[in-house]
Each structure stands twice: as C-alpha cells, then as structure tokens.
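Peer 1: Under full-length UniProt numbering, the very last position in the sequence shown is 488; numbers go up by exactly one each time.
Ideal Cβ placement from N, Cα and C applies to all residues, glycine included.
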Amino acid sequence: MKKIVISALSGSTGKTFVTLGLMRAFTRRGLKVRAFKKGPDYIDTAWHSLATRLTACNLDPFFMSPQQIKELFIKRMLFNYSGEEDFEKPCDLAIIEGNRGLFDGLDTEGSCSTAYLAKTLQAPVILLINVTKMTRTIAAIVNGCETFDPELNIVGIIANKTGSQRHGKLLNDCVKKYCKTEFLGFLPRLVANPILERDTGLIELAEMEKIDKTLDELADFVEAHLNLDQILELASVENDESEQITTKILTNQLKNHIKPFSPSINIGYIQDNFLGHLYPENLEALKETGAKLSKLTLNNTNNWNNINGLYIPSGSVEAFIDSLNNLLQTPNGINFWNEIMNVLKDLSNKNIPIYTEGIAGWLLAEKLIIKDKTYAMSGVFPLTAHHNHKKRGLGYVVATTKQSPFFDNNTKVLGHEFNYTNWTLNKQTLVNHAFELSKGSGLYKNDNSLVIDGLFINNTQLNSTQIHSFANIQWAEHFVNLAKSNFK
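(1) May I ask you to verify whether the segment 125-145 touches the segment 45-59, counting CB pairs closer than 8 Å and requiring at least 3?
(2) In the DSSP assignment, the alpha helix (DSSP H) including Y116 goes from what residue to what residue?
(3) Note down, one range per segment and in chain order, each alpha helix (DSSP H) of at least 4 residues found wholly within the segment 296-340.
(4) What are the boundary residues of the beta strand (DSSP E) that W423 is part of?
(5) Pick from M377, I231, E182: whose alpha carbon is nearest that of A139?
(6) Taking DSSP as the reference, what is the three-state secondary structure of T411?
(7) Per DSSP, what are the beta-bridge partners of V222 in this structure?
(8) Does the beta-carbon of N130 have 16 or more other beta-carbons within 10 angstroms, so that it is buried, or is it exposed?
(9) Can you tell me whether L443 is helix, strand or coil according to DSSP?
(10) Tell me the DSSP bridge mates of V451?
(11) Could you give the residue range of the alpha helix (DSSP H) that holds E366?
(12) What distance in whole Å lies between the Cβ atoms of N160 and L128, which are believed to be in contact at a cut-off of 8 Å?
(13) Look at the alpha carbon of I69 and the alpha carbon of F470, and state the distance between them as a whole number of angstroms.
(14) Can you tell me where the alpha helix (DSSP H) with P280 in it begins and where it stops?
(15) Using 8 Å as the Cβ pair cut-off and three pairs as the minimum, do the segment 407-414 and the segment 347-359 touch?
(16) Does the beta-carbon of I467 have 16 or more other beta-carbons within 10 angstroms, so that it is buried, or is it exposed?
(17) Kindly indicate which three-state DSSP category L232 falls into: helix, strand or coil?
(18) Please give me, in chain order, every unbroken run of the beta strand (DSSP E) with length at least 3 that falls completely inside the segment 375-404.
(19) For the structure I just gave you, are there three or more beta carbon pairs, one from the segment 265-283 and one from the segment 295-309, closer than 8 Å?
(20) Rank L184, R189, A219 by C-alpha distance to the C-alpha of N227 and give the top, closest one.
(21) Would you mind reading off the limits of the beta strand (DSSP E) that contains R29?
(22) On a CA-only basis, which of S485, T289, N172 is nearest L187? Give me that one, please.
(23) Give the secondary structure of G268 by DSSP, where H, G and I count as helix, E and B as strand, and everything else as coil.
(24) Give me, in chain order, the residues of the same chain whose beta-carbon lies closer than 6 Å to that of N99; leave out the 5 immediate sequence neighbours on both sides.
(25) Buried or exposed: which applies to D41, given that a residue is buried once 16 or more other Cβ atoms fall within 10 Å of its Cβ?
(26) Across which residues does DSSP place K161 in a beta bridge pair?
(27) Find the nearest neighbour of E284 within the set D44, F36, E477, judged by alpha-carbon distance.
(28) In chain order, which continuous runs of the beta strand (DSSP E) of length 3 or greater are located wholly inside the segment 34-75?
(29) Please work out which residues of its chain come closer than 8 Å, Cβ to Cβ, to N338, disregarding the five sequence neighbours upstream and downstream, and give them in chain order.
(30) Just tell me which of S464, G14, W47, A8 has its CA closest to the CA of M23.
(31) Just to check my reading of the structure: H386 and T421 have Cβ atoms closer than 8 Å, yes? What is that Cβ distance to the nearest angstrom?
(32) Grab the span of the alpha helix (DSSP H) containing S485 for me, first residue to last.
(33) Along the alpha helix (DSSP H) that carries N143, what are the first and last residues, could you check?
(34) Spatial neighbours of D199 within its chain, please: CB distance less than 6 Å, with the 5 preceding and 5 following residues excluded, ordered by chain position.
(35) Evaluate P150 with the Cβ neighbour count: other Cβ atoms within 10 Å of its Cβ, from every protein chain shown; 16 or more gives buried, anything less gives exposed.
(36) With C-beta atoms as the reference, is V18 less than 8 Å away from F26?
Listed below in structure tokens is the structure:
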C-alpha cells in the first residue's frame, strides 16, 4: 500500500496546508486518496475529507492498540465508509498528517507520537521544516532526526518559508554534505496562512468561502514547488508480512460480514450547523451492534418522536453560538428554541437514552451564559454552563467509571476534551456521576476534590469527555441495549 506521513518539528509550522495541498494535488491526478490524521481532531479531518472527496480517518495510539491501528488503516484503504461510492475499490494512496513535533508524545519515551504511529504502520516519513533565517543549522536538525530513532524511515525533507532560490540552494548543499535524506522541494514564504487557525485548530469550514478554490490553490502551490512524482515513488513501500495477513483476514471478514441490523431500534444523532464533531467509527459501532441510525438536526424535531436513543456529539463553540443567535433572531425563534428544549427534556423523562459530549452538554443545562447573554436550555440537569474563552482542559482524558447506563462499572474509559466551560450546580441535590478522572478537567471537582464527569439522570448522560469507540468497546453495546429496553 502506498502511504506517506507528513510530519514537522512542532505544531503551527504549515504542516496542514502542505498536507491539504498534497491531498488535493494527488486527487486531481485521478488517485483515490484516503486521508488520515494522527490524534484526536475533527476540524483537520473535515478539511482532509473535502481535499480528497473521501471521509478522513483518525488514527490515535492513545485510543488504539498497534493491531487496531493496522486494522483500521487497512480497512479504510480497502473499503469505503458507508455512503461512499465504489465500496470495494481500494485506495491508491494514504496521506497521514502527524501532529505536533515528530517525536513529541505523552512522555520522555515518545509514546503516542507521530514517529510511533509511522513505525506502527511502517510508513515512510516526510519532514517539514520552517527554515526562516536558517542555513547550516538545517543539517544539524536533519541529522539529529535521522539518528534519533534509527527505526524510523525518514525519506524526504520539505523546506517551508524559504527566502529565495539562493537560500534554497545553500540549504540543499548543507543537507547533501552532512545528511542522508534529500530535499523534496522548497516552499517560499506566504504573506498569510491560506487557512486561518483558532485555539482549537483550523477555522471551521462553514466560516470559509469558496473552499474548493482554496484547496485547488494549495494544490497549485505544492505542485509548483515540490516533486510530486518523487513523493509518490517514496510512498511505495512493500507490505510487511503482518500487513498482508491482516489484509486477507479483513477482506474476508468485511465481504462476508452481515450486520445485525434491526430497523426497529432507531438511534438518532445530531449533525448540523450547531453540532456534529464525531468519529465515524462511533456511528459504525452503533450500527454494527444492531441500531438503525437517523441523522437529525436541532432545526427540525419532526422525526425525533421515532427514535429510541439520541447521540449528541460536540461541536464548534463559535458555530453553535452563531447558529443559536441566528435562530433566536428569526420570527418565533424563541418559541421554536423552547420547543426543542422541551422535546429534549421529554425524551429524558421517558428514559430514552441520551448521550452528549463536549459542548452538547449545554443543551441539558438549565441555562447557558456567554459573556453578558443568558440562554434558556432544557433543564434536564440542575446546572449552569458558563462558556469561558480561557480553556479549562485540552487533551487526553483517563477516567474510571463508578456507575453509568452506558458503561460497565469500575472500568477505565479513555477520551479527550476541548473544554472551555465552567459548570455550576444550581441546587444542593445529589446528582449521580459516571466518571472520576485521573487525567483531564471534567465538569467540576466535588467536595472530596475528585474530578467529576459524566453526570446522569434517568438514561441521560452529560459528558465533557469525548470518546472513540475503539477505546471504549462496551459503549455501543450498552447504548443499543438501552435503546432496545425502551422500544415499544
């Protein structure tokens, strides 16, 4: 399988716009390109999906074992996601975008790093380096990366923010003299990043106009300055024996697998202009456990009466606030919003399983406060959500379940958070919690100074933590079983 990892020395080095340019450039050449993103991310993968016109996939060593990573990678290269055309036509090329610096992981050993992922997949690595005001030092950096981990296959370098042709020639001469790895091209400085960034990642797609034009311009840029034929040749690596065996097993499993689909069990999920940051594998897990899935929106609750469960993923803070303000300014907008909130509370009171992540939990509070504005919510929980522009928690989460409708008791749950919300209990009432966190910020600390997350009432659970089904296999089974128990 042709595969290549795009890495860098740190974050915010231009790695994403180079990756997007390569994805779109190879797609324009007629290749079927599958995009992968290392780590927890929704926004980059949304861009990747548009660049390749195929759904992008997250690969995360924190959530997945090496075997799970290999299996998911091969599955996505061999078979499309549900709804994509040519289900059984394999992909031609995998482009995997790393995150942070190449060797940056969770500890001094570099666990869960981009380098670790590349070695797990036996994928060659291209290193992007910001060469601003740099000459001979480039050789020391490249040589250090080459020798730091001899098992890592670094096959090429891309210079970013090159000052001139003369600057590029000097960089090339230095690397040729001291290093094994060669340059694949020299990108000139851009006046501005073509894709803006926020604290939580790239600017949301909905906020950018003429996205295809932007992606094509990125493709034009990399085509003009990089050797794409050489990159494609470097991506051609022989499958190792374990990859060949996994490919055969997965091919047989997926071709012969009959999903235990039960059209009577209908789990809705929200994906609209308000919310929708979710992993496709979470939906697949629910479907493969026996649920029919219905895509719902907060703007239309007509189909909500037919669901036996509701999954509400997180989303962009800015997109949620803009969508809510726009709705409330329409004629009868306030009444319509109150109706939506009443439907949510009614579903919870009927014990319909509801599972929320991240800012979707705002919907279940009594009120949401953003700056000087207060918004009425469903009031399922006696909570006030205060949106804080200063982050409370950003990164991975490790939790232990105490009791939960959606998980076994006393088990480890892995997740991540993009937490900018302060939560306040409005009543001194006992509210059950599912998670106690050893890593992560959660909802709040209780009187015993334990970090709490996963409040639940009836079969409704409110979580700051966002999960991936690969790390929490029991979640889908519990969710579907709860939906079955409420089926009439």
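Peer 2: This is what the structure gives:
(1) no
(2) 114-121
(3) 317-328
(4) 421-425
(5) E182
(6) coil
(7) Note: V222 sits in no beta bridge, so no partner.
(8) buried
(9) coil
(10) L437, K445
(11) Looking at the DSSP string, E366 is not in any alpha helix (DSSP H), and its letter there is neither H nor E.
(12) 6 Å
(13) Whole-angstrom Cα-Cα distance: 10 Å.
(14) 280-288
(15) no
(16) I467 comes out buried.
(17) helix
(18) 383-387, 393-401
(19) yes
(20) Distance check between N227 and each of L184, R189, A219 places L184 closest, using alpha-carbon atoms only.
(21) From DSSP, R29 is part of no beta strand (DSSP E); its letter is neither H nor E.
(22) N172
(23) strand
(24) Hits under 6 Å: K38, G39.
(25) buried
(26) Per DSSP, none; premise fails for K161.
(27) E477
(28) 57-59
(29) A376
(30) W47
(31) 7 Å
(32) 474-485
(33) 137-148
(34) Its pLDDT being 47, under 50, D199 is placed unreliably in this model, and the value from its coordinates should be taken loosely. Counting only Cβ-Cβ distances below 6 Å, and skipping sequence neighbours, we find nothing.
(35) exposed
(36) no
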